[in-house]
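The sequence shown finishes on residue 152 if you use numbering that gives the first Met the number 0, and the numbering steps up by one all the way, no holes.
Written out below as structure tokens is the structure these notes cover.
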Amino acid sequence: MSQLDERLAELGLSVPETSKPLAAYLPAMVSGNVVYTAGQLPMVDGVLPATGKVGAEVDAADAHEYAKTCVLNGLAAAKGAIGSLDRITRVVKVVGFVASDPSFTGQPGVINGASELLVEIFGELGKHARSAVGVAVLPLDAPVEVEFVFEFA
Numbered sequence: 000m001s002q003l004d005e006r007l008a009e010l011g012l013s014v015p016e017t018s019k020p021l022a023a024y025l026p027a028m029v030s031g032n033v034v035y036t037a038g039q040l041p042m043v044d045g046v047l048p049a050t051g052k053v054g055a056e057v058d059a060a061d062a063h064e065y066a067k068t069c070v071l072n073g074l075a076a077a078k079g080a081i082g083s084l085d086r087i088t089r090v091v092k093v094v095g096f097v098a099s100d101p102s103f104t105g106q107p108g109v110i111n112g113a114s115e116l117l118v119e120i121f122g123e124l125g126k127h128a129r130s131a132v133g134v135a136v137l138p139l140d141a142p143v144e145v146e147f148v149f150e151f152a
């Protein structure tokens, strides 16, 4: 078991199998010593836990948890590209999209779910630059989508 797998187990988490792309793209792409993931939906066993807009059909606290699921899916995509998550040396950037009711302005709090989990997993190396953006709709009517940039050795 890798060190990262051990850390995830301590947190009661595990990395799932890489989700199959929904269209014509790769789950992750390596350039130099950086792996870029595609946007990750909060799929669990190929199914979204909820659909709709945050602030309307989806509660912000639930969306915060879905952002954590996106982290696990992003780690799966990165693992598929670089072979071992123990190769990750830094979380560089997180870009989070929140399908938002027009009156909802709590996008940063939702994407904090992803940011906080990355710090729990990687410690100081999990701190990253970030964007949290409200959008009208996401693929499959998902409430949240997150993409990641990881540096690796």
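All C-beta atoms, glycine included, are put in the ideal place defined by N, C-alpha and C.
Candidates V97, G125, A77, of which the one nearest S30 by Cα
A77
Drop a sphere of 10 angstroms on the beta-carbon of Q2, count the other beta-carbons inside from all chains shown, and report buried for 16 or more, exposed for fewer.
exposed
Measure from the C-beta of A80 to each C-beta in chain D and report whether the shortest distance is under 8 Å.
Structure shown: chain D not included; a single protein chain is present.
Judging by CA-CA distance, which residue of A27, L25, V53, P26 is the nearest neighbour of G108?
V53
Among all the DSSP beta bridges, which residues are the ones paired with M28?
Y35
Whole angstroms are fine: how far does the CA of V57 sit from the CA of S153?
Nothing about residue 153 can be reported from this structure: the residues present for the chain run from 0 to 152 only.
Let me know if G82 comes out buried or exposed under the rule of 16 or more other beta-carbons within 10 Å of its beta-carbon.
exposed
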